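Engineer: First the structure, which I've put down as structure tokens, then a few questions once you've had a look.
There are 4 protein chains.
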Amino acid sequence: MFNSFGNIIRLTTFGESHGKCIGGVLDGYPSGIVIDEAFIAREMQRRRPGQSEITTNRNEKDDVEILSGVFNGRSTGAPIAYVVWNRDARPDEYEKVKSVYRPSHADYTYQLKYGIRDYRGGGRSSARETSARSVAGALAKMALKQLGIEIYAFTSQVGPVKMDRDYNGVDFDLIDKTPVRCPDMAVAERMIEYLKEIKANGDSIGGTVSCVIKNCPIGLGEPVYMKLHAQLGNAMLSINAAKAFEYGDGFDGIELTGSQQNDVFYNNHGYITTRTNHSGGIQGGISNGQDIYFRVLFKPSATISKSQHTVNDKGEQVDLKVNGRHDPCVLPRAVPVVEAMASLVLLDFYLLDKTRQL
Amino acid sequence: MFNSFGNIIRLTTFGESHGKCIGGVLDGYPSGIVIDEAFIAREMQRRRPGQSEITTNRNEKDDVEILSGVFNGRSTGAPIAYVVWNRDARPDEYEKVKSVYRPSHADYTYQLKYGIRDYRGGGRSSARETSARSVAGALAKMALKQLGIEIYAFTSQVGPVKMDRDYNGVDFDLIDKTPVRCPDMAVAERMIEYLKEIKANGDSIGGTVSCVIKNCPIGLGEPVYMKLHAQLGNAMLSINAAKAFEYGDGFDGIELTGSQQNDVFYNNHGYITTRTNHSGGIQGGISNGQDIYFRVLFKPSATISKSQHTVNDKGEQVDLKVNGRHDPCVLPRAVPVVEAMASLVLLDFYLLDKTRQL
Amino acid sequence: MFNSFGNIIRLTTFGESHGKCIGGVLDGYPSGIVIDEAFIAREMQRRRPGQSEITTNRNEKDDVEILSGVFNGRSTGAPIAYVVWNRDARPDEYEKVKSVYRPSHADYTYQLKYGIRDYRGGGRSSARETSARSVAGALAKMALKQLGIEIYAFTSQVGPVKMDRDYNGVDFDLIDKTPVRCPDMAVAERMIEYLKEIKANGDSIGGTVSCVIKNCPIGLGEPVYMKLHAQLGNAMLSINAAKAFEYGDGFDGIELTGSQQNDVFYNNHGYITTRTNHSGGIQGGISNGQDIYFRVLFKPSATISKSQHTVNDKGEQVDLKVNGRHDPCVLPRAVPVVEAMASLVLLDFYLLDKTRQL
Amino acid sequence: MFNSFGNIIRLTTFGESHGKCIGGVLDGYPSGIVIDEAFIAREMQRRRPGQSEITTNRNEKDDVEILSGVFNGRSTGAPIAYVVWNRDARPDEYEKVKSVYRPSHADYTYQLKYGIRDYRGGGRSSARETSARSVAGALAKMALKQLGIEIYAFTSQVGPVKMDRDYNGVDFDLIDKTPVRCPDMAVAERMIEYLKEIKANGDSIGGTVSCVIKNCPIGLGEPVYMKLHAQLGNAMLSINAAKAFEYGDGFDGIELTGSQQNDVFYNNHGYITTRTNHSGGIQGGISNGQDIYFRVLFKPSATISKSQHTVNDKGEQVDLKVNGRHDPCVLPRAVPVVEAMASLVLLDFYLLDKTRQL
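Chains A, B, C and D, in that order, give the protein sequences.
Going by this note's numbering, the first sequence opens with residue 11, and the numbers climb by one from there.
Going by this note's numbering, the second sequence opens with residue 11, and the numbers climb by one from there.
Going by this note's numbering, the third sequence opens with residue 11, and the numbers climb by one from there.
Going by this note's numbering, the fourth sequence opens with residue 11, and the numbers climb by one from there.
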């Protein structure tokens, strides 16, 4: 019931980390959109592991096979199903930890909830599930592009190393120029240095991904329980390892008073707009035409190379030492997933808004 | 379509700030629960304005009239509908601002989205809608009480004045002892002083509400798109003026590495538990039996007494000076709403979890 | 969870037969529609009991009080909540049958499912719930009227007395001319005679309501699990006492072969249409621009004046003799409910269809 | 959005008749169920074409490949995705009819709704989609078997040839003994003779499938808009070519009065039951413990070998002569699909009923 996301366009995903495949079904996608498979491949390439020395060595090709919903290069309105086959799965590596509850992973909670679990690489709880989101996000982006809506996510903080909060000077074209996906080159350099250190220690670290949505039409978002920012928050918090969501000023504005934080309207040559944008482009849960921006906090990868104490499913205390392939930091690979989820939310709300008037 | 919240138990609310009433329909509520109307009244009393010098003077009795779903003092399984009549509504006060877009309110976005708006006190976008949530939350709490689940929210920061993050020493019985609803008496004192100052300036301020859920059973939460924390985040971000949600360590843990932040399992006399709780009681989106805790950031009330520049619906620049009844800080009244929404989420997920095995 | 109906526009109803009221919340209704309360009152008048000698004597005024969602005479896009107060409720009459399971009523199944039931007139299971549908249906009709879509239901069979199947000669203006709501005056006369006889016997009888939808745009309906006829069937079968749904030729076509029943396309002066309409205006679950027509079968009212054997909640055999106010035949009053539900489905699908293309 | 069916367990299907595959994702399936792939294969075998001289010659192996959700032979609670590869697809055969609107098919309505269509064998609108339902139905049956619930569908009428309505003497073990799936051997013989004649004429014919559900627990079904029979009706009407649904007495009871049709309760040695079952096992939308039974009407296959007049997408009149592989009657193959959909509804409502009390 809950492997689905969205209202008008609804994504359902399936698959396990070391099963046959990860896949998805995107239902409600508008008909007649030209499907650019090369673009999907590029988006997948951004999310896939093995891209650099600061990410996992797991080398997945992540080729997408579209199974339905596209005919003669266009979407037909039928559900678009697709799979990403797990070609580099190595389930045997997990035989030795099959009875061990890895700290801060979902092994224990899945076992208690379901009475059974696919222990191979976390099974369904693995971040590999996000590859299915990337495909759907790429499809959503194609439609948003026709509407002129642009979505940019980037790594804005890694542990103690952070970018300036104001994104206005940022050149979004630089995001993919470094493996850490921070568009401030000097900060990116420091992040990479820091990550190498973390990796050398067999440890991991978290940070924040920021996201900016430009050219969002006025009026997207539904009161009261489907506010635009609430659904964005929901989408982001559904990503593996996400721990927090803030939009607009967020926590940085906590000491500002109402008179300091209110966004005053003015008439800008016939167009009503606001002088500031503390609100992050959303008022009353509805887009106001300004830039939408938000930040997502990710915790460190739970998988580390350091030895850890834990227990197994018999309750015996054991030491866990993982030699698996893992990321010291999920941020660089989370960037495209944040964009994907934001794209799905925006397209869904765009379509939904068409029903507000006869 | 989106004035509803929840899955198995679904709350639908209706009503406008200065219309006839605010109301709700709670569908899917289990049958046979003894409905304690006095308890509902006490919960409403906590949310209602006019409680002290640091909240709005609007004096609403907020009596709840249950319309259906309760028979001979028990829930029947039929939808429980209720209304809170707007007895102190003063719609005429809003005639003078009917054409003005108040800064950081939803006037402008509602007008653009719907082509029409109820301008009286924000209409549907008013925080008065949360009175309907309080009733539903009180109903959910009655059921949770039978399950032993306890939920405590409290004001943990007001502008620059903040409590210690660790809630373990907190005496939750003190929450309602001060009008600011901070259970640390010394900090509460400082918050109140600060709020008096803010009020005297005709200004407003934001802050955070923290929430702790104790005795949550293991296994609540649904992967992948209905993770327990994602749905809690969704619920909290749907509350008026909410700007951020974090759970577990949240932003405070941003510089901690994986080896520092992982929650190591151990066998505590036959019961598997974790030595720390950086995860906030949730792993892989599913409760692990530890305390669940999270924080919600609220921005300052958009309504202030200070004069503000803005525009009206003809695009003309005007000055806005509101003499209305408003809160300098929404936090104290947001506390019970946070509890209400958390209660709805927990009960919903508890019921849902019953369907995971035959 | 399941006191709601619809997708984009969603009706949630509440209330019990002899509780305070019956009510509803219509969410997702388009903004800006002029709300004609007199029209709602007329529609309610059509459904209400006490209209003639062939319906129940229960005399309900059925005044509708709109609680929200309408401002200055227009819909605002906020949920429209309303109540119909139960002014003529006589709950005491049910004290004597409170422990008796009335045959073919929902007393027994509700008691077993919920462990408690409101025994006053069937509580939530009473057909009085349909008054909330009539209000929502009237609102939907107002929107459909702007789109030119017309919906006509009428009594087409009462026990053995039936109209000719072909509705093409029917003058829909005659539907409300007789209390039985059959637009064929001669047949109506025979139906009324038959019903008087049934009533005199203290018995009840069923029959069919037919419904014709004219000017439906091409393209309404969603494959695969929300086909237009499947959702119409779902809507109709949710009405109390409904036992069957058929559309197009239905059972009458069971002996026709494919070559006899296929609707051949032709070019009618530049407009593609079909020569026949065995399909009932729907092909592949999607409207094709022809008239949509269907029939709903209703069983006899379960409440009869004749004495019946049954058991009480202790399992003791008892005789039941009801002197309550009841209809010998639900058909005349079901007619407006069929129209109401069809209107809700059509408006929902019209709005939904707007999301099929960017 | 609408290629999904169900509440707690939700089936989403995808795929086109002559695309790569037909597939489905079954979400919410309980964990820990032993998955018997041989049983799935047998169920698929029942639905597949090419079984006999009275069905289509299209020879599909219809092997099911499970992609996810099953681990070590058991369901894990993760979504079960599966595909049936289209090995015998012959899309080229459809090139010649690509611009023709086949009478009583969905070609025209899909084209108008979506502006594009997969013309190969009806694409998404093909009855081949039901193979995905069969897999899901087989999975549901495995769970229902553990609960003792049994579901039997069979062909009860083909054109003018019909079985006796009373199913009580029927030996359900005989259903699969003849290719027409009618358990009355004499009637089956006549049906087969009739179908050979129809096939020889290049024509097609419809009829009814009856379904009986035994050992259904008391209490399944949700008021008001998710009544058990309404959801069964919805499920059945979503099957290709279905035109009507009736349950209990249905149309056959139209001349019976209330006193004749009411099901009188009595105490059968300590167990409350009804003397008759005109209600079809459902009262007030909730199962009462008696047999549930209903009938589904299917129209003749729209595809016939006879030449037909029609138009193409330019509006030109053309003659259509199909040499494709098609069934003279969909009934025999619809039987397992009816069982599949009924199984999905029953399991869904069983799980849902677990949430009605704490």
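Virtual Cβ for every residue (Gly too), placed ideally from N, Cα, C.
Bear in mind that the values here come from a model prediction, so they are computed numbers and not experimental data.
According to DSSP, simplified to helix, strand and coil, what is Phe-81 of chain A?
Structural biologist: Working through the first sequence from its first residue, we reach residue 81 of chain A at position 71. Three-state DSSP puts Phe-81 of chain A in a strand.
Engineer: Given a limit of 7 Å on CB to CB distance, which residues of the stretch 311-340 of chain A reach chain B?
Structural biologist: Per Cβ criterion, the list reads Ser-311, Ala-312, Ile-314, Lys-316, Gln-318, His-319, Thr-320, Val-321, Gly-325, Gln-327.
Engineer: Using 8 Å as the limit for Cβ to Cβ distance, is Pro-170 of chain B near chain D?
Structural biologist: Taking the first residue of the second sequence as 1, we reach residue 170 of chain B at position 160. Not one chain D Cβ lies under 8 Å of Pro-170 of chain B.
Engineer: Going by DSSP, which residues form a beta bridge with Met-173 of chain A?
Structural biologist: The count along the first sequence starts at 1 and reaches residue 173 of chain A at position 163. Met-173 of chain A pairs with nothing; no bridge assigned.
Engineer: Rounding to the nearest angstrom, what Cα-Cα distance links Ala-196 of chain A and Leu-354 of chain C in this structure?
Structural biologist: The count along the first sequence starts at 1 and reaches residue 196 of chain A at position 186. The count along the third sequence starts at 1 and reaches residue 354 of chain C at position 344. Their backbone Cα atoms lie some 59 Å apart in a straight line.
Engineer: Do the stretch 272-283 of chain A and the stretch 275-287 of chain B make contact, defined as three or more Cβ pairs closer than 8 Å?
Structural biologist: Taking 8 Å as the limit for Cβ pairs, the verdict is that the stretch 275-287 of chain B does not touch the stretch 272-283 of chain A.
Engineer: Going along chain B in order, which residues have a C-beta closer than 7 Å to the C-beta of Asn-13 of chain C?
Structural biologist: Taking the first residue of the third sequence as 1, we reach residue 13 of chain C at position 3. What Asn-13 of chain C touches in chain B: Asp-37, Pro-89.
Engineer: Report all residues from its chain with a CB closer than 6 Å to the CB of Arg-343 of chain B; omit the five preceding and five following residues, and keep chain order.
Structural biologist: Here residue 343 of chain B refers to the residue found at position 333 when the second sequence is read from its first residue. Within the same chain, Arg-343 of chain B has close Cβ partners Arg-57.
Engineer: For Glu-326 of chain A, count neighbouring Cβ atoms within 10 angstroms of its own Cβ and tell me buried if that reaches 16, exposed if not.
Structural biologist: Within the first sequence, residue 326 of chain A is the residue found at index 316, counting from 1. Label assigned to Glu-326 of chain A: exposed.
Engineer: Need the endpoints of the alpha helix (DSSP H) that Asp-363 of chain C sits in, please.
Structural biologist: Start at 1 with the first residue of the third sequence, and residue 363 of chain C comes out as number 353. 341-363 is the span of the alpha helix (DSSP H), which, as asked, contains Asp-363 of chain C.
Engineer: Taking only the alpha-carbon atoms, compute the straight-line gap between Lys-108 of chain D and Ala-352 of chain C and give it to the nearest angstrom.
Structural biologist: Within the fourth sequence, the letter at position 98 stands for residue 108 of chain D. Within the third sequence, the letter at position 342 stands for residue 352 of chain C. Using only the alpha carbons, I get a separation of about 34 Å.
Engineer: By alpha-carbon positions, which one of D:Asn-322, D:Leu-230, D:Ala-137 ends up nearest to Pro-233 of chain C?
Structural biologist: As a working note, residue 233 of chain C is residue 223 in the third sequence. If we check each option's Cα against that of Pro-233 of chain C, D:Ala-137 comes out closest.
Engineer: On the DSSP bridge assignment, give the partners of His-288 of chain D in chain order.
Structural biologist: If you number the fourth sequence from 1, residue 288 of chain D lands on position 278. For His-288 of chain D, which the question treats as bridged, DSSP gives no partner whatsoever.
Engineer: Report the residues of the stretch 176-194 of chain A with a CB closer than 7 Å to any CB of chain B, ordered along the chain.
Structural biologist: Residues passing the 7 Å Cβ filter: none.
Engineer: Could you list which residues in chain A have their beta carbon closer than 7 Å to that of Ile-18 of chain C, in chain order?
Structural biologist: Translated into the one-based positions of the third sequence, residue 18 of chain C becomes position 8. The contacting residues are Thr-365.
Engineer: Are the C-beta atoms of Ala-240 of chain D and some chain B residue less than 8 Å apart?
Structural biologist: One-based indexing of the fourth sequence puts residue 240 of chain D at position 230. No, because no Cβ of chain B sits closer than 8 Å to the Cβ of Ala-240 of chain D.
Engineer: Tell whether a beta-carbon distance below 8 Å holds between Ser-311 of chain B and Ser-214 of chain B.
Structural biologist: Mapped onto the second sequence, residue 311 of chain B falls at position 301. Mapped onto the second sequence, residue 214 of chain B falls at position 204. A contact, by the Cβ cut-off of 8 Å.
Engineer: I'd like to know whether the C-beta of Gln-370 of chain A is nearer than 8 Å to at least one C-beta of chain C.
Structural biologist: Because residue 370 of chain A is not part of the residues shown, which for chain A are 11 to 368, the question remains open.
Engineer: When the cut-off is 8 Å and only beta carbons count, does Asp-128 of chain A lie next to chain D?
Structural biologist: For the purposes of this step, residue 128 of chain A is taken as the residue at position 118 of the first sequence. Yes, its Cβ sits closer than 8 Å to a Cβ of chain D.
Engineer: What's the C-alpha gap between Asp-46 of chain D and Phe-81 of chain D?
Structural biologist: As a first step, residue 46 of chain D is located in the fourth sequence; it is residue number 36 there, counting from the start. As a first step, residue 81 of chain D is located in the fourth sequence; it is residue number 71 there, counting from the start. So the alpha carbons of these two residues sit roughly 12 Å apart.
Engineer: Judging by CA-CA distance, which residue of A:Ala-251, A:Gly-229, A:Asn-13, A:His-319 is the nearest neighbour of Gly-125 of chain B?
Structural biologist: Along the second sequence, read from residue 1 onward, the residue named residue 125 of chain B stands at position 115. The shortest C-alpha separation from Gly-125 of chain B is found at A:Gly-229.
Engineer: Excluding sequence positions up to five away, which residues of its chain have a Cβ less than 7 Å from the Cβ of Leu-362 of chain C?
Structural biologist: Position 352 of the third sequence, counted from the first residue, corresponds to residue 362 of chain C. These residues qualify, in order along the chain: Asn-17, Ile-18, Glu-232.
Engineer: For Asn-298 of chain B, is the classification buried or exposed, using 16 other Cβ atoms within 10 angstroms of its Cβ as the cut-off for buried?
Structural biologist: As a first step, residue 298 of chain B must be located in the second sequence, where it is residue number 288. Asn-298 of chain B comes out buried.
Engineer: DSSP on Gln-367 of chain B, reduced to helix/strand/coil?
Structural biologist: Within the second sequence, the letter at position 357 stands for residue 367 of chain B. Residue state, collapsed to three classes: coil.
Engineer: Count the other CB atoms, across all protein chains shown, that sit within 10 Å of the CB of Arg-100 of chain D; report buried if there are 16 or more and exposed otherwise.
Structural biologist: For the purposes of this step, residue 100 of chain D is taken as residue 90 along the fourth sequence, with counting starting at 1. Exposed.
Engineer: How big is the Cα-Cα spacing for Ile-43 of chain D and Arg-134 of chain A?
Structural biologist: As a position in the fourth sequence, residue 43 of chain D is number 33, starting the count at 1. As a position in the first sequence, residue 134 of chain A is number 124, starting the count at 1. Taking the straight line from one Cα to the other gives about 17 Å.
Engineer: What number of angstroms, rounded off, separates the C-alpha of Val-222 of chain A from the C-alpha of Gly-260 of chain C?
Structural biologist: Mapped onto the first sequence, residue 222 of chain A falls at position 212. Mapped onto the third sequence, residue 260 of chain C falls at position 250. Taking the straight line from one Cα to the other gives about 55 Å.
Engineer: How should Ser-62 of chain A be labelled, buried or exposed, when 16 other C-beta atoms within 10 angstroms of its C-beta is the threshold for buried?
Structural biologist: Position 52 of the first sequence, counting from 1, holds the residue named residue 62 of chain A. Exposed, by the Cβ-count rule.
Engineer: Return helix, strand or coil for Glu-26 of chain B, following the three-state DSSP convention.
Structural biologist: Residue mapping note: residue 26 of chain B aligns to position 16 of the second sequence, counting from 1. Coil.
Engineer: Flag this pair as yes or no: are the beta carbons of Tyr-39 of chain C and Leu-149 of chain C separated by less than 8 Å?
Structural biologist: As a working mapping, residue 39 of chain C is identified with position 29 in the third sequence. As a working mapping, residue 149 of chain C is identified with position 139 in the third sequence. Cβ atoms of Tyr-39 of chain C and Leu-149 of chain C: closer than 8 Å.
Engineer: Could you tell me how far apart the beta carbons of Glu-256 of chain C and Gly-169 of chain D are, in whole angstroms, since I believe they sit closer than 8 Å?
Structural biologist: For the purposes of this step, residue 256 of chain C is identified with residue 246 of the third sequence, where counting begins at 1. For the purposes of this step, residue 169 of chain D is identified with residue 159 of the fourth sequence, where counting begins at 1. Not a contact, Cβ separation roughly 17 Å.
Engineer: Give the residues of chain C in contact with Pro-40 of chain A, contact being defined as C-beta atoms less than 7 Å apart.
Structural biologist: In the first sequence, counting from the first residue as 1, residue 40 of chain A sits at position 30. In chain order: Arg-366, Gln-367, Leu-368.
Engineer: Which residues in the same chain have their Cβ closer than 6 Å to the Cβ of Ile-7 of chain A, if we skip the five residues on either side of it in sequence?
Structural biologist: No information on residue 7 of chain A is available, as it lies outside the stretch 11 to 368 that chain A covers here.
Engineer: Is any beta-carbon of chain A found at less than 8 Å from that of Arg-138 of chain B?
Structural biologist: Your numbering for residue 138 of chain B matches position 128 in the second sequence. For Arg-138 of chain B, the answer is no, since every Cβ of chain A falls outside 8 Å of its Cβ.
Engineer: Of the choices A:Ile-50, A:Phe-359, A:Gln-121, whose alpha-carbon is the least far from that of Val-145 of chain A?
Structural biologist: The residue you call residue 145 of chain A lines up with position 135 of the first sequence. Val-145 of chain A has its Cα closest to that of A:Ile-50, out of A:Ile-50, A:Phe-359, A:Gln-121.
Engineer: Roughly how many whole angstroms lie between the Cα atoms of Glu-199 of chain C and Arg-84 of chain C?
Structural biologist: Along the third sequence, one-based indexing puts residue 199 of chain C at 189. Along the third sequence, one-based indexing puts residue 84 of chain C at 74. C-alpha separation (whole angstroms): 41 Å.
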